[in-house]
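This report refers to the structure that appears directly beneath it.
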Amino acid sequence: MNVRKLLALMALFPCLMLPYTSYASTPDAVDIAGRQRMLTQKMTKEALLVGLQPNTASYVQALVASQTLFHSSLQALKSGDSRQNIPKPSSKELRQIGEIERLWQPFSSVIDEIAQAKFASYSAIEQLISTNDSLLKESNKLVQIMASTVEDEQDEAKVNRVNLAGRQRMLSQRLAKQALSVCYHVDFFQNKNTATQTTSTFDLVLNGLINGSELLELEESTTSDEEDKLDEVYRYWSDYLAVINPVLDISYSVCSVQQIALIDKRSLDVLKNMNQAVQIAKAN
């Protein structure tokens, strides 16, 4: 084809001159979007810790670190980030990110107030409690949209595994949030009831990741490194429940300082090991 004909074609079809952009999601992008779900619960948990133990620097620092990570990850999902293997979002994903931003701005403002005061008032806690589930719901919608754009069948199975394993991270922090809400006496009976649902869901998915599940479309774990890590998660999860269950069984009373600290520690143990399981699932 001569140059004149090529130029004529480009004039008729200017899209030929544009670089190709793929909007197909990657397991890495789904992992990071899924991590946002966890952070909605972790931030609320950390605000409760500040409310229960005012002026505890480590809790305030953890809250600000979670806020910063959520914000930077949201910007990466919005703009794309080749370093993190996050493609530019499709128009549908971008609209959903807009919904998340709409909820995130007032949520983040409350966290700013708590961090500055090093104290979480009952009013501030109520604001976060009343909105964190909406932020979680919209963040989860983004994960589902992204997961639906995966093109390769093998990647589709991997993304489903990464998504469900990643959701376990969220459930580890959600359970801590619910238990600490009981300690704080906010939505006392509702949180006691929903904590049972959270526990059952975690058990169901963990069993599916280990043994396979037709319901969840999960294959049985086949690599020794993943099996070993999931067994480790199971042990940490059992230790976590041993701390959580007495709190959920208590009457309307005050949790001890030791119980509060142990709930946080055990939740982070499960979170850390479950996150390692997610990274193994991505690599396999």
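In terms of mature numbering (1 follows the signal peptide of the UniProt record, and there is no 0), the sequence shown is residues -24 to -1, 1 to 260. Beta carbons: idealized from backbone N, C-alpha and C, even for Gly.
What residue range does the alpha helix (DSSP H) around residue i cover?
| i | result |
| --- | --- |
| Val126 | Where Val126 is concerned, there is no enclosing alpha helix (DSSP H), given that its DSSP letter is neither H nor E. |
| Ser89 | Note that residue 89 is Glu in the sequence shown here, rather than Ser. 67 to 93 is the span of the alpha helix (DSSP H), which, as asked, contains Glu89. |
| Ala9 | 3 to 28 |
| Gln43 | 33 to 55 |
Whose C-beta lies closer than 8 Å to the C-beta of residue i among residues of the same chain, with five residues either side of it excluded?
| i | result |
| --- | --- |
| Phe178 | Gln144, Leu147, Ser148, Leu151, Trp213 |
| Ile105 | Thr20, Ser157, Val162, Asp163 |
| Glu114 | Gln72, Glu75, Ile76, Leu79 |
| Val233 | Gln29 |
| Ala52 | Ile8, Gln60, Ile62 |
| Gly56 | Ile62, Pro63, Lys64, Pro65 |
Taking all protein chains shown into account, do 16 or more other C-beta atoms lie within 10 angstroms of the C-beta of residue i, making it buried, or fewer, making it exposed?
| i | result |
| --- | --- |
| Asp207 | exposed |
| Ala253 | buried |
| Leu39 | buried |
| Asn169 | exposed |
| Ser1 | buried |
| Thr172 | exposed |
| Ser67 | exposed |
| Tyr98 | exposed |
| Pro82 | exposed |
| Met(-15) | Low confidence applies to Met(-15): its pLDDT is 38, below 50, so where it sits in the model is not reliable, and the reading given next is rough at best. Its Cβ having fewer than 16 others within 10 Å, Met(-15) is exposed. |
| Ile226 | exposed |
| Asn108 | buried |
Enumerate in chain order the residues of its own chain whose CB-to-CB distance from residue i is below 6 Å, with the five nearest sequence positions on each side excluded.
| i | result |
| --- | --- |
| Val135 | Pro3, Val6, Ala123, Val126 |
| Leu112 | Arg13, Thr16 |
| Asn187 | Glu196 |
| Tyr216 | Arg242, Val246 |
| Leu224 | Lys168, Ala171 |
| Glu202 | Ile256 |
| Lys18 | Ser42, Gln149 |
In the structure shown, what three-state DSSP assignment does residue i receive?
| i | result |
| --- | --- |
| Ser157 | helix |
| Asp240 | helix |
| Ile226 | coil |
| Ser189 | strand |
Can you name, in chain order, every residue of its own chain whose Cβ lies under 7 Å from the Cβ of residue i, other than the five neighbours on each side?
| i | result |
| --- | --- |
| Glu69 | Leu118, Ile121, Met122 |
| Ser49 | Ile8, Arg11, Gln12 |
| Val86 | Ala100, Gln103, Leu104 |
| Pro30 | Lys94, Phe95 |
| Leu192 | Leu140, Val181, Gly184 |
| Leu45 | Leu15 |
| Asn116 | Arg13 |
| Thr(-4) | Note that Thr(-4) scores a pLDDT of 42, beneath 50, so its modelled location is shaky; the value from the coordinates is reported in the next line. Correct list, in chain order: Lys64. |
| Lys205 | Asn249, Gln252, Ala253, Ile256 |
| Thr199 | Asn260 |
| Arg36 | Looking at the sequence itself, residue 36 is Val, so the reference to Arg does not match. The answer, listed in chain order, is Val26, Ala91, Lys94. |
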